[in-house]
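Right, one structure below, let's go through it.
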Amino acid sequence: ETGVTQSPTHLIKTRGQQVTLRCSSQSGHNTVSWYQQALGQGPQFIFQYYREEENGRGNFPPRFSGLQFPNYSSELNVNALELDDSALYLCASSPGQVNSPLHFGNGTRLTVT
Amino acid sequence: GESVGLHLPTLSVQEGDNSIINCAYSNSASDYFIWYKQESGKGPQFIIDIRSNMDKRQGQRVTVLLNKTVKHLSLQIAATQPGDSAVYFCAENTDQAGTALIFGKGTTLSVSS
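One line per chain: the protein sequences are A and B, in this order. Numbering-wise (the working numbering), the first sequence opens with residue 1 and increments by one. Numbering-wise (the working numbering), the second sequence opens with residue 114 and increments by one.
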């Protein structure tokens, strides 16, 4: 069984640029969630995708957007990067049942300079 | 507000001791709780979960206790090993649709041999 994989593992961008992060969900999982984890903090919910539709969103501005593809993989896009966007971005997948645990990838470390 | 907190940011134990990591949650409507372990450079790893209709659940070397009266969650690790050294997060699901997890700030467990 393949777990959640994310790419790239590290990324450096300049303020104002745009970035796309990618995630492949665990086999058999149809729901993908994205979280932002600042240094020393717990992950914060960005949004979730189910059947290619956004299925819930946290307190993040519209410049954070996403996509889910028919194979359940997903992208996180961030426009107009700000210094505070520097963080570990985590993707998690789940089988889509209420109250089932999320399975996380190892994240993409984004640094904005 | 809806937040999950932890009583202690760090916990140091000797190898072989039992460890207890505590967590307080604020939303009495939360119905699902999860403990995650995060090692340096990795994503959160699922340890154990519990639903609000239970007060105890056991796994391999781990036990989660839920006290809904005082909104308290704890993770007990038996015979702690150096490999258990990591940051431990509790997370709650306050969304009846099961979309978003709210994480606490984490407890760093250090195990010395």
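Even for Gly, the Cβ is constructed at its ideal location relative to N, Cα and C.
- If the five residues before and after Thr221 (chain B) are omitted, its C-beta is found closer than 6 angstroms to the C-beta atoms of Thr123, Val200, all from its own chain and listed in chain order.
- Per the Cβ contact rule, the stretch 127-141 of chain B is not in contact with the stretch 65-80 of chain A (fewer than 3 Cβ pairs under 8 angstroms).
- Distance from the CA atom of Gly156 (chain B) to the CA atom of Ser226 (chain B), rounded to whole angstroms, is 25 angstroms.
- Taking 7 angstroms as the upper bound on Cβ-Cβ separation, chain A lies near residues Phe202 of the stretch 185-205 of chain B.
- Residue state for Leu110 (chain A) is assigned as strand, using DSSP reduced to three classes.
- In terms of beta-carbon proximity, Thr212 (chain B) lines the interface with chain A, with at least one pair separated by less than 8 angstroms.
- Judged by DSSP secondary structure, Thr220 (chain B) falls within the beta strand (DSSP E) whose first and last residues are 220-225.
- In summary, Pro43 (chain A) is buried, with 16 or more beta-carbon neighbours lying within 10 Å of its beta-carbon over all protein chains present.
- Straight-line measurement puts the Cα of Gln68 (chain A) at about 36 angstroms from the Cα of Ile134 (chain B).
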